[in-house]
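Structure, as structure tokens:
Take a look at the structure:
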């Protein structure tokens with residue numbers, strides 16, 4: 016038995032699917048609903064601490080990176096405090112880890128994994144953006160005037176994922192090594208967010224994926240609140256890897272007694288001067 020690899024079920028698009036999949040966020044509890052294009056499939060997931068021990072995973076190649084991150088503590092139920100205290104720490108981290116000259120933090124999601132939590136771990140293989148929406152989202156959240164200032168410069172989208180409740184015992188992140196991603200396996204997927212305050216439904220587009228035996232998956236066991244995973248969601252420079260497909264998954268060892276995962280995912284765009 017290879018203890019460096021575990022097997023768990025990941026939520027992929029069916030190989031025989033020939034229509035556009037849909038992910039629905041209900042609005043009242045933010046739980047996710049999936050069209051019948053999705054199916055759970057057994058997948059081998061490597062221990063990333065061992066797999067990348069000699070040569071650490073990087074944002075340019077694998078499209079994700081594990082790093083130490085010890086920001087000041089904040090009240091993660093207070094969105095204003097997160098923006099005022101946590102965002103600057105994330106901005107500094109992304110600058111330091113990417114070498115980008117300008118970083119803009121534009122959004123965050125706190126997931127608590129508790130039965131009464133509004134945001135549960137996302138159990139579907141996905142990338143937050145497509146080739147089209149990676150740029151469109153930047154124009155939307157930063158403003159076209161801001162993006163225009165960096166016309167012709169490299170732009171990347173980076174999410175910073177971190178536990179906010181100590182060591183993760185259940186529902187960790189699995190990440191696909193971007194060097195093993197075949198673009199033919201990417202599937203444009205509609206995502207619908209129902210806004211309970213306005214009654215409106217917001218539509219977006221993400222990438223899901225079909226399973227391929229060549230894909231290499233990894234996770235970082237026992238990740239703590241003093242570590243963070245940087246996840247690339249878009250890169251305007253085609254000479255570098257563009258997407259880190261990822262998903263929450265169930266550890267074979269987790270059970271009802273395992274501490275619920277609580278995490279924050281902070282979204283940024285970063286620009287280079289060159």
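Numbering (the numbering used here), first residue to last: 16 to 289. Built from N, CA and C at the ideal position, the CB exists for glycine as well.
**Asked** Does the distance from the C-beta atom of residue 172 to that of residue 80 stay below 8 Å?
**Response** In the chain shown, counting from the first residue as 1, residue 172 sits at position 157. In the chain shown, counting from the first residue as 1, residue 80 sits at position 65. At least 8 Å separates the beta-carbon of residue 172 from that of residue 80.
**Message:** Please report the straight-line C-alpha distance between residue 68 and residue 285, rounded to a whole angstrom.
**Reply:** Mapped onto the chain shown, residue 68 falls at position 53. Mapped onto the chain shown, residue 285 falls at position 270. The C-alpha of residue 68 lies about 27 Å from the C-alpha of residue 285.
**Prompt:** Among 189, 281, 256, which has the Cα closest to the Cα of residue 57?
**Reply:** The residue labelled residue 57 in the question sits at position 42 within the chain shown. Minimum Cα distance to residue 57 is reached at 189.
**Asked** How long is the line joining the alpha carbons of residue 200 and residue 236, rounded to whole angstroms?
**Response** Taking the chain shown and counting its residues from 1, one reaches residue 200 at position 185. Taking the chain shown and counting its residues from 1, one reaches residue 236 at position 221. Whole-angstrom Cα-Cα distance: 27 Å.
**Contact belief for residue 28 with residue 223 at Cβ below 8 Å, rounded distance in angstroms** = Reading the chain shown from its first residue, position 13 is the one you call residue 28. Reading the chain shown from its first residue, position 208 is the one you call residue 223. Between residue 28 and residue 223, the beta carbon gap of about 5 Å places them in contact (Cβ cut-off 8 Å).
**Item:** Span of the beta strand (DSSP E), counted from its first residue to its last, around residue 202
**Value:** What you label residue 202 is simply residue 187 of the chain shown in a count that begins at 1. Start and end: 201 to 209.
**Asked** residue 4 by DSSP, collapsed to three states: which one?
**Response** The structure shown does not extend to residue 4, since the chain is modelled only from 16 through 289, so no value can be given for it.
**Request:** Would you list the one or two residues that DSSP bridges to residue 279?
**Result:** Position 264 of the chain shown holds residue 279. Partner(s): 125, 177.
**Item:** Opening and closing residue of the beta strand (DSSP E) in which residue 250 lies
**Value:** Translated into positions along the chain shown, residue 250 becomes position 235. Run containing residue 250: 242 to 250, per the beta strand (DSSP E) assignment.
**Request:** Using three-state DSSP, classify residue 238 as helix, strand or coil.
**Result:** Position 223 of the chain shown, counted from the first residue, corresponds to residue 238. It is coil, neither helix nor strand.
**Item:** Beta bridge counterpart(s) of residue 62 as assigned by DSSP
**Value:** As a position in the chain shown, residue 62 is number 47, starting the count at 1. Looking at the DSSP assignment, residue 62 forms a beta bridge with 234.
**Asked** When DSSP labels each residue in this structure, what does residue 77 get in the three-state scheme?
**Response** Numbered from 1 along the chain shown, position 62 holds the residue referred to as residue 77. Of the three classes helix, strand and coil, the one that applies to residue 77 here is coil, per DSSP.
**Message:** Please report whether the beta-carbon of residue 188 lies at a distance below 8 Å from any beta-carbon of chain B.
**Reply:** Going by chain labels, chain B is absent from the structure shown, which holds only one protein chain.
**Request:** Look at the alpha carbon of residue 181 and the alpha carbon of residue 244, and state the distance between them as a whole number of angstroms.
**Result:** Mapped onto the chain shown, residue 181 falls at position 166. Mapped onto the chain shown, residue 244 falls at position 229. Their Cα atoms are separated by approximately 15 Å.
**Request:** Would you decide whether residue 65 is buried or exposed? Buried here means 16 or more other CB atoms lie within 10 Å of its CB.
**Result:** The residue labelled residue 65 in the question sits at position 50 within the chain shown. Residue 65 sits exposed, since fewer than 16 C-beta atoms from the chains shown fall within 10 Å of its C-beta.
**Close beta carbons around residue 119, own chain, < 7 Å, minus the five adjacent residues each side** = Here residue 119 refers to the residue found at position 104 when the chain shown is read from its first residue. Taking residue 119 as the centre and dropping the five residues before and after it, the same chain places the C-beta of 157, 283, 284 closer than 7 Å to its C-beta, in chain order.
**Item:** As assigned by DSSP and simplified to three states, the class of residue 219
**Value:** Along the chain shown, one-based indexing puts residue 219 at 204. Look at residue 219 here: in three-state DSSP terms it is strand.
**Prompt:** Helix, strand or coil: which one does DSSP assign to residue 284?
**Reply:** On the chain shown, residue 284 is found 269 positions in, with the first residue counted as 1. Strand, per DSSP.
**Message:** Between which two residues does the beta strand (DSSP E) holding residue 156 run?
**Reply:** Numbered from its first residue, the chain shown carries residue 156 at position 141. Taken as a continuous stretch (DSSP letters only), residue 156 belongs to no beta strand (DSSP E), being part of the alpha helix (DSSP H) at 146 to 157.
**Request:** Using three-state DSSP, classify residue 18 as helix, strand or coil.
**Result:** By 1-based counting over the chain shown, the position of residue 18 is 3. If DSSP states are grouped into helix, strand and coil, residue 18 belongs with coil.
**Asked** DSSP on residue 262, reduced to helix/strand/coil?
**Response** In the chain shown, counting from the first residue as 1, residue 262 sits at position 247. It is a strand residue.
**Message:** Just verifying my parser: in three-state terms, what is the DSSP assignment at residue 162?
**Reply:** Start at 1 with the first residue of the chain shown, and residue 162 comes out as number 147. In the three-state DSSP reduction, residue 162 falls in the helix class (H, G or I).
**Message:** Buried or exposed for residue 256, going by 16 or more other Cβ atoms inside 10 Å?
**Reply:** Position 241 of the chain shown, counted from the first residue, corresponds to residue 256. Buried.
**Asked** To which residues does DSSP link residue 83 through a beta bridge?
**Response** Within the chain shown, residue 83 is the residue found at index 68, counting from 1. Beta-bridge pairing links residue 83 to 242.
**Item:** Neighbourhood of residue 36 by C-beta distance below 8 Å, restricted to the same chain and skipping five residues each side
**Value:** Residue mapping note: residue 36 aligns to position 21 of the chain shown, counting from 1. Once the five neighbours on either side are set aside, the close Cβ partners of residue 36 are 28, 49, 50, 52, 53, 202, 204, 205, 223.
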